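**Student:**
There are 2 protein chains.
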Amino acid sequence: MNDDSMTSDEVFEAISHPMRIEILRLLARKPVRFADLKRKLRIESSGQLDFHLKKMTGIVVTDSDGNYTLNDRGYAALTAVDMVSRHGWQRRAYIIAFLTYAVMNVYFILMVPLGWWFVIFLITTAWILFYSYWTFIKRRIRLRRNGEISNE
Amino acid sequence: MNDDSMTSDEVFEAISHPMRIEILRLLARKPVRFADLKRKLRIESSGQLDFHLKKMTGIVVTDSDGNYTLNDRGYAALTAVDMVSRHGWQRRAYIIAFLTYAVMNVYFILMVPLGWWFVIFLITTAWILFYSYWTFIKRRIRLRRNGEISNE
DNA sequence: TCTTAAGGTCAATAATCATTGACTTGTTGG
DNA sequence: CCAACAAGTCAATGATTATTGACCTTAAGA
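For the record, the sequence lines run as chains A and B. Okay, so the first sequence: first residue is 118 according to the working numbering, each after it adds one. Okay, so the second sequence: first residue is 118 according to the working numbering, each after it adds one.
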């Protein structure tokens, strides 16, 4: 297979199985040899590992010592996996940030003289506005999910 | 299917087919209805579209008007697709940037008095160092690829 | 020399995926 | 009322994917 002729869907095909994602994560840490991979994945079948490694041709290469490792497209795939995995946390992080903003300002309204409170209010509001823009416009995160397709 | 219980490999399964990636890109632009989707994909079979839309349950939802659209995980998948698609360009962009840096400095060495040239050299070198760090360490781009697995 | 391990390949089978085409159930315009 | 279209569902089929287990070759250690 020509390395440059790979399309996006082929990359995602290469990581659309739990074991292949585990392999991707293992190889991202450090290059690993065949038998080591088998042990770390807790499988006995060589054929199974062979099958999944062949599916990952185009993302996985062998170095001069015979260790399996990721090529640059493999690292791109890894960051794609991380992005999808962490996506739920971006929503949670925003909620926590907003609550912090709210609690902080209520506290300062009650405790701090007007002049100082107003400075804090300006700074934290500018911050939460920028963070909101980044979250909802740039990254297109939504706080509430839409309804699912009804097919059950 | 519970929306929150989706694993990464299921997301990638949902986009590991050319038609499903095309659907993802179409729905990212604006919500589309079933028959419109069929026309834009230039297919006649309703069953085929039904099959692929069902595979995308968990990233695709229907809004109140019956239009198909992406949920937040769908947009995460889209950015993953974009990242993988654009990956080749990150390498090219770096090469162009480096050549610009080199040509610019050669030009200024020849044309500009020493004092000014040194300022420009400092600024552009700081820039190329930061860009190199970002490219090779943070994003793990490689200029030359490693050898492929030999299995042909 | 015999055994064990590494580093795989291959064939058979079961399970899943993808496509086709027939079918259903509304809705809308003439 | 009828035709045409929207918005699907479903069964059948062939193609592909995933797993298992047998097999092979090479190298090291007892």
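For each residue, glycine too, the CB sits at the ideal point set by N, CA and C. Bear in mind the structure is a predicted one, so any value in this text is a computation, not a measurement.
Helix, strand or coil: how does DSSP classify L158/B here?
**Tutor:** Residue state, collapsed to three classes: coil.
**Student:** Using only the alpha-carbon positions, how far apart do L260/A and G232/A sit?
**Tutor:** 34 Å
**Student:** What is the rounded straight-line gap between the Cα of H169/B and the Cα of A210/A?
**Tutor:** 32 Å
**Student:** Report all residues from its chain with a CB closer than 8 Å to the CB of T179/A; omit the five preceding and five following residues, and keep chain order.
**Tutor:** The answer, listed in chain order, is Y185 and T186.
**Student:** Go ahead and pull the three-state DSSP assignment for V128/A.
**Tutor:** helix
**Student:** If we define contact as Cβ-Cβ less than 8 Å, is R209/B a contact residue for chain A?
**Tutor:** no
**Student:** With 16 other CB atoms within 10 Å as the buried threshold, where does L166/A fall?
**Tutor:** Looking at its Cβ environment, which holds 16 or more other Cβ atoms inside 10 Å, L166/A is buried.
**Student:** So that I know if they touch, is there some Cβ in chain A lying closer than 8 Å to that of H204/B?
**Tutor:** yes
**Student:** My output table needs one value for L260/A: the three-state DSSP class, helix, strand or coil.
**Tutor:** Per DSSP, reduced to three states, the secondary structure at L260/A is coil, with no helix or strand assignment.
**Student:** Using the rule of at least 16 other Cβ atoms within 10 Å of the residue's Cβ for burial, across every protein chain shown, is E130/A buried or exposed?
**Tutor:** buried
**Student:** Am I right that D126/B and I138/A are in contact with their C-beta atoms under 8 Å? What's the rounded C-beta distance?
**Tutor:** 5 Å
**Student:** Relative to the C-alpha of Y192/B, which residue among A193/A, T217/A, V201/A and Y192/A is closest?
**Tutor:** V201/A
**Student:** Of the choices R159/A, S162/A and A197/A, whose alpha-carbon is the least far from that of I176/A?
**Tutor:** The option with the nearest alpha carbon to I176/A is A197/A.
**Student:** Give me the Cβ distance between I258/B and R208/B, rounded to the nearest whole Å; I'm assuming they're in contact under 8 Å.
**Tutor:** 6 Å
**Student:** Sort K255/B, N188/B, L246/B and L227/B by Cα distance to K147/B and report the nearest one.
**Tutor:** N188/B
**Student:** So for V178/A, helix, strand or coil by DSSP?
**Tutor:** Residue state, collapsed to three classes: strand.
**Student:** For V229/B, which of helix, strand or coil comes out of DSSP?
**Tutor:** In the structure shown, V229/B adopts coil according to DSSP, grouped into three states.
**Student:** With 8 Å set as the bound, which would you pick, yes or no: does the beta-carbon of T196/A sit closer than that to a beta-carbon of chain B?
**Tutor:** yes
**Student:** What distance in whole Å lies between the Cβ atoms of N222/B and F238/B, which are believed to be in contact at a cut-off of 8 Å?
**Tutor:** 6 Å
**Student:** So, S163/A versus K155/A, is the Cβ gap smaller than 8 Å?
**Tutor:** yes
**Student:** I need the DSSP call for N119/A, collapsed to helix, strand or coil.
**Tutor:** Bear in mind that the predicted position of N119/A carries a pLDDT of just 43, short of 50, making it unreliable; the figure below should be weighed with that in mind. The answer is coil: DSSP assigns N119/A none of H, G, I, E or B.
**Student:** In angstroms, rounded to a whole number, what distance separates the CA positions of R190/A and D153/B?
**Tutor:** 34 Å
**Student:** Could you name the residues of the same chain whose beta carbon sits closer than 6 Å to that of I245/B, not counting the 5 residues immediately before and after it, in chain order?
**Tutor:** Y218
**Student:** Using a C-beta to C-beta distance shorter than 8 Å, which residues of chain A count as neighbours of P280/B?
**Tutor:** The structure shown has nothing for residue 280/B, since chain B only spans 118 to 269.
**Student:** What does a CB cutoff of less than 7 Å around G183/A pick up in its chain, not counting 5 residues either side in sequence?
**Tutor:** R150
**Student:** Which residues of chain A have a Cβ atom closer than 8 Å to the Cβ of D189/B, listed in chain order?
**Tutor:** H204, R208, R257, I258, R259 and R262
**Student:** Would the beta-carbon of I99/B fall within 8 Å of that of L143/B?
**Tutor:** Shown here, chain B extends from 118 to 269; a query on residue 99/B therefore has no answer.
**Student:** Do you know offhand how far W251/A's Cα is from Y224/B's?
**Tutor:** 39 Å
**Student:** Got a sec: is the Cβ-Cβ distance from M200/B to anything in chain A below 8 Å?
**Tutor:** It does; some Cβ of chain A falls within 8 Å.
**Student:** Using a Cβ-Cβ cutoff of less than 8 Å, which residues in the same chain neighbour P135/A once the five nearest sequence positions on both sides are dropped?
**Tutor:** none
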